Amino acid sequence: MKVLFVANEVEPYAKVGGLGDVAGSLPPALADRGLQVAVVMPLHRSCRRHGPLQSALEGLEVDMGGRSITAEVMSGSLGGKVPVYFIRHEPYFDRPDIYGEGGTDYPDAAERYAFFCRAVRALPEAIGFEADVVHGNDWPTGLVPALIAHGPSPRATVYTIHNLGYQGRFPVAQAEAMGLEAEPAVRRALTHGGWLNYMAAGIRTSTVVSTVSRRYAQEIQTKAFGAGLENLLLARSDDLFGIRNGVDCALWDPATDEALPANYSADDHAAKSACKTALQAELGLAPEPDVPLVGVVTRMAWQKGLDLLAEAIPQAVDWPMQFAVLGEGETPLEIKFRRLQETQPDRVATIIGYDDAVARRIYAGADMFAMPSRYEPCGLGQMIAMCYGAVPVVSWTGGLADTVTEELPDRNGFVFSDLDATGLLNALGRANDAWHDREGWAGLVRANLTRAPHDFCWDQSAEHYESLYRTALERAG
Ligand code: ADP
Numbered sequence: 009m010k011v012l013f014v015a016n017e018v019e020p021y022a023k024v025g026g027l028g029d030v031a032g033s034l035p036p037a038l039a040d041r042g043l044q045v046a047v048v049m050p051l052h053r054s055c056r057r058h059g060p061l062q063s064a065l066e067g068l069e070v071d072m073g074g075r076s077i078t079a080e081v082m083s084g085s086l087g088g089k090v091p092v093y094f095i096r097h098e099p100y101f102d103r104p105d106i107y108g109e110g111g112t113d114y115p116d117a118a119e120r121y122a123f124f125c126r127a128v129r130a131l132p133e134a135i136g137f138e139a140d141v142v143h144g145n146d147w148p149t150g151l152v153p154a155l156i157a158h159g160p161s162p163r164a165t166v167y168t169i170h171n172l173g174y175q176g177r178f179p180v181a182q183a184e185a186m187g188l189e190a191e192p193a194v195r196r197a198l199t200h201g202g203w204l205n206y207m208a209a210g211i212r213t214s215t216v217v218s219t220v221s222r223r224y225a226q227e228i229q230t231k232a233f234g235a236g237l238e239n240l241l242l243a244r245s246d247d248l249f250g251i252r253n254g255v256d257c258a259l260w261d262p263a264t265d266e267a268l269p270a271n272y273s274a275d276d277h278a279a280k281s282a283c284k285t286a287l288q289a290e291l292g293l294a295p296e297p298d299v300p301l302v303g304v305v306t307r308m309a310w311q312k313g314l315d316l317l318a319e320a321i322p323q324a325v326d327w328p329m330q331f332a333v334l335g336e337g338e339t340p341l342e343i344k345f346r347r348l349q350e351t352q353p354d355r356v357a358t359i360i361g362y363d364d365a366v367a368r369r370i371y372a373g374a375d376m377f378a379m380p381s382r383y384e385p386c387g388l389g390q391m392i393a394m395c396y397g398a399v400p401v402v403s404w405t406g407g408l409a410d411t412v413t414e415e416l417p418d419r420n421g422f423v424f425s426d427l428d429a430t431g432l433l434n435a436l437g438r439a440n441d442a443w444h445d446r447e448g449w450a451g452l453v454r455a456n457l458t459r460a461p462h463d464f465c466w467d468q469s470a471e472h473y474e475s476l477y478r479t480a481l482e483r484a485g
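In the working numbering, the protein residues as written are 9 to 485.
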């Protein structure tokens, strides 16, 4: 089976959040199962930093609804296993940020992703990769299934929602720039509630729809989590599947991670405390071995419940607890965490920015890992944390609810369902108490280090995607 996997972020070439991890690790896992997979993404500026790229095709003619734009196709690969095709058009994609600055989209977002989706439609024929299934991911690819469904050669499409909170919603006046004037059926597929909505188009027109955990697949069919698209999703509930994301356990392994000051494994995790000491020194926290350290690695967004964390921290530091927070995004949240560091420099470290190596040292050096998300489609942070022996403290929602349990005998973390600072504080308090039972805690860390790589690696989920592709092929006839 040939699959063309389409995404705006693909690790290591471009990553903002979990989508980048998934698009970088699922295609190789599918290739390991014998599928023929190629990936296509825009040539963002960051892509060039990761190895030499070859020119695969100089003149890809992209029809923008009557207006033609010539793109170049470059190629690279994921681990020498999966070809990656980059759509190169510098005016649209050679920019400092992938989406835009400070968590907002560039003003021409509707147009640049219309161009990308149209390039994706033209690609299979141009490079001789006639995909059986085209698999789009998140809003920047939402136009792909619509163009294929209403184009000359319909084929099976899968559309995966990684986060319904980002829909690619634009005023109808953008239709012309997107080249929709001559394509009324495609335009209708995009129209939702008086806007042009990429996500709505993907949901309506793909052969099957999926999202990244079972619980989130249920949640998004309700008003509370559907972000205005719940009725579209309910209408497609027979074609809507939930497949939990996996983690690339070779990339996220504390036994081999070169960013860490010391390596450790489930068999011998004594060196984890050396990682904690080094992290406290690196971030300027007080060298307090007897204080539990809570790590946070996150996009700074309302979704992530970081305002609740900021509210909880002043009390938790007095128990005492320490916090190491790495993230970037919405400015008011960045300011809140900077202030917390200023008032509690011994116990709160805030690093504003995106830094893979620091993230790794936080997962390794932290005793606990906090994710108080308001909603969480899957969440990778909590799974990575468990692979590194940091015990998650999470809200009971979406993929967090599917992967973390406080129930004995399977306890692997701490979970709260009252979504406020008190609920979070209570869960942090239970984690704090458990941490002071040093033997019990070591058992929990060891159990997570042992089980997480097995439970969360891609094997099972890649198998589910393969059967989803077969379902799409059957349903597409
Ligand atoms: P989301 O996709 O909503 O951002 P996930 O938990 O699914 O959240 O995935 C986040 C991924 O991005 C993880 O791999 C995490 O380590 C990484 N990440 C998030 N913020 C940063 C940051 N500031 N620096 C480094 N890595 C980050």
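Quick reminder that beta carbons are idealized off the backbone N, C-alpha and C, glycines included. Bear in mind the structure is a predicted one, so any value in this text is a computation, not a measurement.
Strictly by DSSP, which residues pair up with residue i?
i    : result
V224 : Reading off the sequence, residue 224 comes out as Tyr, not Val. Answer by DSSP bridge pairing: none, since Y224 is not bridged.
P400 : F377
R307 : E336
W449 : Looking at the DSSP assignment, W449 forms no beta bridge with any residue, so it has no partner.
Q330 : L301
A22  : V18
Any heavy atom of the ligand ADP closer than 7 Å to the Cβ of residue i?
i    : result
I392 : yes
L452 : no
V305 : yes
N145 : no
A357 : no
E266 : no
E290 : no
L348 : no
A367 : yes
C386 : yes
G313 : no
E342 : no
E336 : yes
L316 : no
Y362 : yes
What are the start and end residues of the beta strand (DSSP E) that includes residue i?
i    : result
S85  : S76 to L86
A64  : Q62 to D71
S218 : V216 to T219
P50  : Q44 to P50
K284 : Careful: K284 lies outside any beta strand (DSSP E), inside the alpha helix (DSSP H) at K280 to L291.
R212 : Here R212 belongs to no beta strand (DSSP E); instead the alpha helix (DSSP H) covers Y206 to T213.
Y167 : A164 to I169
L268 : Per DSSP, L268 belongs to no beta strand (DSSP E) and is neither H nor E.
H143 : V141 to N145
I359 : V356 to I360
G250 : L248 to G250
V30  : From DSSP, V30 is part of no beta strand (DSSP E) but of the alpha helix (DSSP H) over G26 to D40.
For a quick check, are the C-beta atoms of residue i and residue j less than 8 Å apart?
i    : j    : result
C395 : C283 : no
Y371 : A398 : yes
L452 : S273 : no
V402 : T413 : no
P385 : V166 : no
L486 : A209 : With the chain covering 9 to 485 only, the question about residue 486 has no answer from this structure.
R195 : L155 : no
M393 : N420 : As written in the sequence, residue 393 is Ala, which differs from the Met given in the question. No. Outside cutoff.
V11  : D146 : no
A357 : L316 : no
G373 : A439 : no
S83  : A64  : yes
Along the chain, where does the alpha helix (DSSP H) containing residue i start, and where does it finish?
i    : result
L198 : P192 to L198
Y93  : No alpha helix (DSSP H) contains Y93, which is instead part of the beta strand (DSSP E) from V90 to R96.
V128 : A117 to I135
N440 : A429 to H444
L151 : L151 to A157
L314 : L314 to A324
Y533 : Residue 533 is absent from the model: the chain starts at 9 and stops at 485.
Verify the contact flag: residue i, CB atom, against every heavy atom of the ligand FAD, threshold strictly below 7 Å.
i   : result
N16 : The ligand FAD is not part of this structure, which contains only the ligand ADP.
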